[in-house]
Every structure is written in structure tokens, then in C-alpha cells.
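Protein chains in written order, with the numbering used here: chain R, 113 to 341; chain A, 113 to 341.
In this text, a Cβ means the ideal position worked out from N, Cα and C, and glycines have one as well.
To start, the structure under review is shown below, and the notes come after it.
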DNA sequence: CACAATTATTGCAGATATGCGACACAATGG
DNA sequence: CCATTGTGTCGCATATCTGCAATAATTGTG
């Protein structure tokens, strides 16, 4: 999962630099180019999660870049936000109809662009837009029901999954076995306290990768917690 | 597949009528209300494919409606386009951050709204916009009612087709058997949960080609999902 | 160090969930 | 009307999970 990758295609150097700075500050992995043809190459290379595309650029025009990306199966699903100095309504319509997901007219506020990019990403890749929980090198995506560690996919049983999810929702905090039983198994479960130990062990085994530390901390006579960092 | 269902929440009668007319002309099934509380009821009732929401309305305010819809699991994924007379940047940001998918400031041209609604729908429900969906090596063309894998045409029964279409509209996401029953069979179907298994198996068989992996993932105790990419 | 308390590990039997084939019946289209 | 195809349920086989208890290992304490 890691950082959302953005490709910024913009030939106004001042604007490009400003946007690059702002987006990097928000935790995006940004690549910049000012040329349409180069953009097409870069897209194939880095497969960004979203493209910000100026209409008027060197080489192949923005709208043509958009059209070509949409035609290619590999890139057809990458969301595109178009920027333009032209305020003409027809351009907007044309941009949106060509397959752009959003369209901003210059001058626009960087904050609005940030918000629109986030909105599009939230829709397209919920896992990237902070809907997934991330603790240390663990990433859990609830909608996909998927857990990764260092980019590697883990397979956990149902209870281990729920247990890990709960711990990741409250990293660093220590929970007694009873608290875990209530939270993970449901209130009033008639289950032996010691059974939690067993599932903790299964979870540890499930998230274990060679060369990694055990992020689950045992707190003697208190319970367990998941190390935040 | 029918028509895309729209809920228009707008309390300026003139604007509401104009938009209703335009959208109906474009082939949408439009429901109109001018009241926030009524909007919430209508949403639950008709489960529209997209909501156009004015910020300033009677009853519960637009942004509050948006917030509530996002909180409810049933309605959290319905796209929302917000309209407002207020041009303030902070409002835009706030609207987008609350979960709106797009945001227009009055006055706007109906054509632009049309184009933006189409763009959002294309992204969220490509099938409604008549676009073909492609996930991994699967391609589904809703207008031709046809499914291909690696260029090879598959033949699926009606239910398998609808099931695959739904899964392809939300790749990667895990759905419980009940969610699939609601989505594919229709709300309140009186069908055995385990029947979903059977259709999943039929679907798997239907999309199976020698030398391909099974893209349908079983998530024990949770449901099924279609692997993206 | 010896001892008690606490936690880790393991194997296992019972419980659950899913896959699979079969079947009766409904719907569909000549 | 018949043949064909699709649909919803069962029941059983299989894979996986779960909770427990017995045993080993660890930690803390005087």
C-alpha cells in the first residue's frame, strides 16, 4: 500500500513546484513531468494511483494523453484530474467526457485540488485514502479483508483477523484477556481466559516473516498490546 | 440494468424543475425532494445510484445529510454531488472532506452538472453509464451483455452474469452472502444464504479457462471477493 | 537459588464453513 | 407441448478453525 503515487503533468514550472511541494507534504509520492509524451512513458513505468493533467502541455496535448490512457487496458482505470486555464464550458464537458474524473479551472486553490484528489482517491482506492489501518509495517484493509506486512500478503484465520484488527485500532494500548474477549469474541462470551493466549500465539505465527520482530508485546499480569512503531 | 436512479435534493423550485427536466431527458430516473429529512427517508427507500444535494435546504442541512449517509453502511457508498450558493473555499473543502464526490458552486451550467454526474457515475458504476468494466483479464460489456476473458467469450447464466457484474463493479471488496443476496437477487429475497455458494461455484466454472487462476477469493466466515488486477 | 505465578507451545477432538454433486422443479423458447 | 436451460435446496465430503487441557518455558520474588 504505502504512499499513493501521483503523476503531475504540468508545464508551468512555478505551479508544478508549488503543487509538488503541497502534495508531498500531504504524504503523496509525486512524480513530475512537463511533457505529454513523457507522461505516457512515465505512466506505464510507475503506474501511478492518480494523474493530475494539465490541458496545455508540451508534446501530446492533455486531452489526447487522457484519451490514450483510457484506451489502454492497463491504464484505463487510473483516475485523472484535469487542469486548465481555459474556462470555456465546452472544454470542461469535453474533458469530463473524455474520461477525466474531475476538472479544475485555473486559477484554483491548491487546497481545493488537494481535497478533490483525496475525494477521487477515496472513491477509487479506499485503501489508499486512509480507510485502511496501518501500524508499523502492518497494513489492514477492512473492506478487502486483507492484511499485509512489508507489502507481503498474510493469511489469517477469522479470529486472528479480528484480534489483529482490534489491536491495530488501538495500537500501544494494553488489553487484559477479558477485555480482548469482550472486544473480539463479543460480550458475555463463555470462553476460557487462557484461550486468548492461544490466539495470540496463532496471530504471532500468522504475521511472522523472516527478519521481522514480533510487534505483539506481552505485559506480564496485565495483557497484550501491539507496538505502535 | 434499467435507468440510473437519481435523487435530487434542492429547494429552489425553479432550479429543481429545470434539473429534473434535463436529467430525465438524459435518461435518468429522477426523484425530487426539497427537504433534508425527507431525503434521508427517500434514500433508504429507493437506494438511488447518485444523489445531488443542495447545501441549503429545509430540515436537516445538506452537509449533515451527507454525513449521515456516509455513516450508514447501507448508504455509505452512494456518490454525492453537492451544490451550493456559497463560493467560499472552506465550504468546498468541507463538503469534499465530508464525503461528497464532487462539488459545484451556483450558478453553474446544467450541462456541467450533467457531465460531472456522468463522470462520477462512470467511475463508480461503469455499467450504469454503459461502459464496459474490466478487472484483471475479465471484460464485461453491459450493453452487449457479454463477458470475455483473455479475449475469449464466456457464456454465463443470468444470475452468474449479474453476480459477476456486481463483483466487477467493486473489485477487491469482500461481500457477505447476505450482501450479495441483496445486491444481486434484490432486497428482501427469501433465499437460503448457502445458495450463494452454489452460484459462486457456477460462476467460477463459467469463467474458468485452462491456464488461468480463479480470481474469486473465498474469505472464510466473511464472504467472497473478486481479485483486482 | 528455589519457588510460585504467569505465559508459551503443542496436540487434539469437536465444531464450522465451504466445495461439490445431485435433484426437483420452474422458466424459457421453439 | 416438449426440450432445454436455469434455479434453489439438500446432503455429504473435506478443509479449516476453535477452544481446551496438558506440558514446557519464562519471569519475578524473597
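| Asked | Found |
| --- | --- |
| Helix, strand or coil: which one does DSSP assign to residue 346 of chain A? | Missing from the structure shown is residue 346 of chain A; chain A here goes from 113 to 341 and no further. |
| Determine whether the Cβ of residue 256 of chain A lies closer than 8 Å to any Cβ atom of chain R. | no |
| Suppose the cutoff is 8 Å on Cβ atoms and the five residues either side in sequence are ignored; what does the same chain contact list for residue 315 of chain A look like? | 268, 272, 275, 276, 328 |
| Counting only C-beta atoms, is residue 125 of chain R closer than 8 Å to chain A at any point? | no |
| Have a look at A:287, A:184, A:320, A:175 and flag the residue whose alpha-carbon is nearest the alpha-carbon of residue 202 of chain A. | A:175 |
| With a threshold of 8 Å between beta-carbons, can residue 281 of chain R be considered close to chain A, or not? | no |
| On a Cα-Cα basis, can you pick out the residue from R:158, R:257, R:187 that is closest to residue 332 of chain A? | R:257 |
| Suppose the cutoff is 7 Å on Cβ atoms and the five residues either side in sequence are ignored; what does the same chain contact list for residue 281 of chain R look like? | 245 |
| Have a look at residue 221 of chain A and residue 165 of chain R and give me their C-alpha separation to the nearest angstrom. | 23 Å |
| Kindly indicate which residue of A:196, A:225, A:219, A:126 has the alpha-carbon position closest to the one of residue 162 of chain A. | A:225 |
| Please check if any C-beta of chain R sits within less than 8 Å of the C-beta of residue 285 of chain A. | yes |
| Would you kindly report the start and end of the unbroken beta strand (DSSP E) that includes residue 192 of chain R? | 192-196 |
| Enumerate in chain order the residues of its own chain whose CB-to-CB distance from residue 324 of chain A is below 8 Å, with the five nearest sequence positions on each side excluded. | 249, 261, 262 |
| Ignoring anything shorter than 4 residues, give me the alpha helix (DSSP H) runs that lie fully in the stretch 197-259 of chain R, in order along the chain. | 201-210, 222-236 |
| Between which residues of its own chain and residue 253 of chain A is the CB-CB distance below 6 Å, once the five residues before and five after are set aside? | 244 |
| With 7 Å as the C-beta to C-beta threshold (strictly closer), list the residues of the stretch 236-264 of chain R near chain A in chain order. | 236, 255, 256, 257 |
| What residues in its chain sit with their C-beta under 7 Å from that of residue 330 of chain A, if we drop five residues either side in the sequence? | 336 |
| How many Å lie between residue 293 of chain A and residue 300 of chain A at the Cα? | 8 Å |
| Which residues of chain R have a Cβ atom closer than 8 Å to the Cβ of residue 288 of chain A, listed in chain order? | Near residue 288 of chain A there are no residues of chain R at all, since even the closest Cβ is about 10 Å away, more than 8 Å. |
| Quick one: list the residues of chain A neighbouring residue 223 of chain R, beta-carbon separation under 7 Å, in chain order. | 201, 205 |
| Identify, in the order they occur along the chain, each residue of the same chain with its Cβ nearer than 7 Å to the Cβ of residue 180 of chain A, setting aside the five sequence neighbours on each side. | 152 |
| Measure the alpha-carbon distance for residue 200 of chain R versus residue 207 of chain R and round it to whole angstroms. | 11 Å |
| Just the C-alpha distance for residue 158 of chain R and residue 173 of chain R, rounded to the nearest angstrom, thanks. | 20 Å |
| Would residue 188 of chain A pass as a contact of residue 168 of chain A if the rule is Cβ separation under 8 Å? | no |
| Flag residue 272 of chain R as yes if its beta-carbon sits less than 8 Å from any beta-carbon of chain A, otherwise no. | no |
| With distances taken between CB atoms, is the gap from residue 228 of chain R to residue 193 of chain R smaller than 8 Å? | yes |
| Under 8 Å between the Cβ atoms of residue 170 of chain R and residue 141 of chain R? | no |
| When you compare the CB of residue 179 of chain A with every CB in chain R, is at least one pair closer than 8 Å? | no |
| Going by DSSP, which residues form a beta bridge with residue 141 of chain R? | R:117 |
| List the residues of chain A whose Cβ lies closer than 7 Å to the Cβ of residue 185 of chain R, in chain order. | 246 |
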